[in-house]
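Asker: Its first residue numbered 1, the sequence shown is counted upward by one per residue in UniProt numbering.
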Amino acid sequence: MSEELWSIGEVARRIGVRPSAIRYYEERGLLAPARRVGGKRRYGIAELRRLAFIRMLQSVGLRLDEIAVVLGGRDPRGRGWRDVVEERVAALEERIAEAERAKAFLSSALRCRADHPAVSCPYVRRILDERIAELND
């Protein structure tokens, strides 16, 4: 039984990228060059999975050079894939903490009865004072 193969256009639609992006990933070494059938690029399930993995890594904020490391290389600083992933996890944790602070601030503003919470709301004023103190440290 032979493996099912898809054209570059079919793969691009399935993964949600342009065909030019797939060609670029090949040029960058992120994806092995496609097999040629009748002169046309054809991709199997392994390539689809690799492209889906690349897209997932992009969606969490990794750059293509970092993705190359995750896919099996080392960067000029000698970082391996675990180093890259650990750095991204730390960055995501910081973004989550920032989002939680923003949510707390907005939730406090909603508890205020005043027309202008920044001026007369004790909840907002407390958070603003804490923020000013952090900036002065």
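In this text, a Cβ means the ideal position worked out from N, Cα and C, and glycines have one as well.
Could you give the distance in angstroms between the alpha-carbon of F105 and the alpha-carbon of R126?
Answerer: Going from the Cα of F105 to the Cα of R126 covers about 10 Å.
Asker: Taking buried to mean at least 16 other C-beta atoms within 10 Å of its own C-beta, is E47 buried or exposed?
Answerer: Label assigned to E47: buried.
Asker: Can you give me the C-alpha to C-alpha distance between I67 and G78, rounded to a whole angstrom?
Answerer: The alpha-carbon atoms of I67 and G78 are separated by roughly 14 Å.
Asker: In the structure shown, what three-state DSSP assignment does residue 141 receive?
Answerer: Past the boundaries of the shown model lies residue 141; the chain is included only from 1 to 137, so the question cannot be answered.
Asker: Let me know if R49 comes out buried or exposed under the rule of 16 or more other beta-carbons within 10 Å of its beta-carbon.
Answerer: Under this definition R49 is an exposed residue.
Asker: According to DSSP, is R125 part of a helix, a strand, or is it coil?
Answerer: Helix, per DSSP.
Asker: Which same chain residues, not among the five before or five after R111, have their C-beta less than 6 Å away from its C-beta?
Answerer: The answer, listed in chain order, is Y123.
Asker: So what does DSSP say about R42, is it helix, strand or coil?
Answerer: R42 falls in the strand class under three-state DSSP.
Asker: Given a cut-off of 7 Å, decide if E3 and G38 are closer than it, judged by their beta-carbon atoms.
Answerer: For G38 and E3, no; Cβs fall outside 7 Å.
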